[in-house]
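Trainee: Chains as they are written, first to last, in this note's numbering: chain A, -7 to 188; chain B, -7 to 188.
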DNA sequence: CGATATTGTAAGTGTTTGCTTACGCCTCAG
DNA sequence: CTGAGGCGTAAGCAAACACTTACAATATCG
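(1) In terms of residues, what are the limits of the alpha helix (DSSP H) holding residue 147/B?
(2) Does DSSP put residue 78/B in a helix, in a strand, or in coil?
(3) CB of residue 106/B to nearest heavy atom of the ligand COA: below 7 Å?
(4) Considering only C-alpha positions, which residue in the set 164/A, 77/A, 20/A and 168/A is nearest to residue 102/B?
(5) Our contact map puts residue 77/B next to residue 131/B with C-beta atoms below 8 Å; I'd like the distance itself, whole angstroms only.
(6) Taking the straight line between their C-alpha atoms, what separation do you get for residue 16/A and residue 105/A?
(7) With distances taken Cα to Cα, identify the nearest neighbour of residue 158/A among 30/A, 125/A, 91/A and 79/A.
(8) Relative to chain A, which residues along the region 108 to 128 of chain B have a C-beta separation below 8 Å, given in chain order?
(9) Buried or exposed: which applies to residue -3/B, given that a residue is buried once 16 or more other Cβ atoms fall within 10 Å of its Cβ?
(10) Could you tell me whether any Cβ in chain B is nearer than 8 Å to the Cβ of residue 183/A?
(11) What residue from 79/B, 177/B, 10/B and 98/B has the CA that sits closest to residue 33/B's CA?
(12) Starting from the C-beta of residue 94/B, find all residues in its chain whose C-beta is less than 6 Å away, skip the five residues before and the five after it, and write them out in chain order.
(13) Could you name the residues of chain A that residue 103/B contacts, counting a contact when the two beta carbons are closer than 7 Å?
(14) Which residues in the same chain have their Cβ closer than 6 Å to the Cβ of residue 117/B, if we skip the five residues on either side of it in sequence?
(15) Along the chain, which unbroken stretches of the beta strand (DSSP E) at least 3 residues long are found entirely within the region 102 to 129 of chain B?
(16) Classify residue 112/A: buried if its beta carbon has 16 or more other beta carbons within 10 angstroms, exposed otherwise.
(17) Tell me, to the nearest whole angstrom, how far the beta carbon of residue 181/A is from that of residue 172/A; I am working on the premise that it is less than 8 Å.
(18) Exposed or buried, which one is residue 119/B when buried takes at least 16 other CB atoms within 10 Å?
(19) By Cβ distance below 7 Å, which residues in the same chain neighbour residue 177/B in space, the five residues on each side in sequence not counted?
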């Protein structure tokens, strides 16, 4: 009998490194050679774990999203009677924005590939992302007066937009860290419950 | 004496086609071969007009931005006593969002290249973009009560964010046209003057 | 005309990149 | 032990790409 395959474990071991490379470099610049180098293996080993580069990227999309959501759930789990979960999330993003690499991978997938499968993966992930935020807004508003407020769906999209612009401005150095924090907290608050 | 060079005219003639190709396809997919084909010339003719592909892209960034601003100025120039300029702009974008290709070219430049010169061009352009919107917000609020409203800088970034998310959702088919229109008008209005 | 620079056409070059093949070593159940 | 499969290493292929070179045709203006 042959030795048992460790494909699954190896995949789990290398995926964080692969995802990190895609988030940092984008799709094209993360060449298979670079991916392999970062994983400290040879290219063809990656090809034994995934069918092609496209599959590596799709796995990375899911991985990065799950990582981000994991952190958000931790923030939500912190017991804090003063501030609600949604507010804590906003504050957390204002401080740690961009660290997950989520938006970088979205941008890369959107503009560097036109592969139907990648677009579908992005669509799915973005849908979950939006649903998560909308759920937080709903929880936040639960029991409060909501007349005159933005609909939850609209508010969730607008908050995702804040994240996008924060990402771009960070990458280009358009805002100071202070400015970006201010934008997140003030505009986020306004969208969340109508208070400037 | 030789015949006079028509380089300048030719550049102006081909730039719209080149920019259109970059906006549609992104940076890499708009290969020099494709660009030439769309211009109905041979590749090396493009290289007589611009030093390299990078220069073609930078010229396209400026061109697309100028085109977009030109349209916005037309919208602003329409005499309409009922609604202010900023409101008309928001409504216009809600209807015609994405047609200019501005955001597509920004995304392409951001995630497909790491060239310092391209990033600088994007930085400059984004700065002008933000300044333009901030100016419109200032005009809109001029003479009105502004206590309790978002600062102009923050509001302008948040509105740019609306544009970003509208672009992504359009590209992935995440929102209906109706939903996107609603998002633009409602969230835009809220950011503009605090009214839901 | 005629000298001269511009324009159009065509073929090619060197590099990068995704992906494959070939092959020998190692591991572990029977 | 043994041998069937997993594993690591290395070399290389075909395609795509940005960019170049060579050259003939053409238009301008003294």
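Every residue, glycine too, gets a C-beta built ideally from N, C-alpha and C.
Mentor: The short version:
(1) Within the second chain, numbered from 1, the residue matching residue 147/B stands at position 155. Residue 147/B -> alpha helix (DSSP H) spans 144 to 164.
(2) As a working note, residue 78/B is residue 86 in the second chain. Helix.
(3) Absence of the ligand COA from the depicted structure is noted, as is the absence of any ligand whatsoever, leaving it without description.
(4) Here residue 102/B refers to the residue found at position 110 when the second chain is read from its first residue. Of the candidates 164/A, 77/A, 20/A and 168/A, the one whose C-alpha sits nearest the C-alpha of residue 102/B is 164/A.
(5) Taking the second chain and counting its residues from 1, one reaches residue 77/B at position 85. Taking the second chain and counting its residues from 1, one reaches residue 131/B at position 139. Contact between residue 77/B and residue 131/B holds, since their C-beta atoms are separated by about 6 Å, short of 8 Å.
(6) For the purposes of this step, residue 16/A is taken as the residue at position 24 of the first chain. For the purposes of this step, residue 105/A is taken as the residue at position 113 of the first chain. Each residue's alpha carbon lies about 16 Å from the other.
(7) Here the question's residue 158/A lines up with position 166 in the first chain. Of 30/A, 125/A, 91/A and 79/A, the residue nearest in Cα terms is 91/A.
(8) Those would be 111, 114, 115, 118, 119 and 122, in chain order.
(9) By one-based count along the second chain, residue -3/B stands at place 5. Classification for residue -3/B: exposed.
(10) Here residue 183/A refers to the residue found at position 191 of the first chain. Taking CB atoms only, residue 183/A has a neighbour in chain B less than 8 Å away.
(11) Reading the second chain from its first residue, position 41 is the one you call residue 33/B. Considering only alpha carbons, the answer is 10/B.
(12) Here residue 94/B corresponds to residue number 102 of the second chain, with the count starting at 1. For residue 94/B, where only same-chain residues beyond five positions count, the Cβ hits under 6 Å are 56 and 60.
(13) The count along the second chain starts at 1 and reaches residue 103/B at position 111. Result: 18, 99, 100, 103 and 104.
(14) Mapped onto the second chain, residue 117/B falls at position 125. Hits under 6 Å: 53 and 57.
(15) Counting whole runs of 3 or more residues, the region 102 to 129 of chain B contains no beta strand (DSSP E) stretch at all.
(16) As a first step, residue 112/A is located in the first chain; it is residue number 120 there, counting from the start. By the neighbour-count criterion, in which a residue is buried when 16 or more other Cβ atoms sit within 10 angstroms of its Cβ, residue 112/A is exposed.
(17) Start at 1 with the first residue of the first chain, and residue 181/A comes out as number 189. Start at 1 with the first residue of the first chain, and residue 172/A comes out as number 180. Between residue 181/A and residue 172/A a beta carbon distance of about 15 Å is seen, past the 8 Å cut, so the two are scored as non-contacting.
(18) Start at 1 with the first residue of the second chain, and residue 119/B comes out as number 127. Counting the other Cβ atoms within 10 Å of the Cβ of residue 119/B gives fewer than 16, which makes it exposed.
(19) On the second chain, residue 177/B is found 185 positions in, with the first residue counted as 1. 82, 83 and 86.
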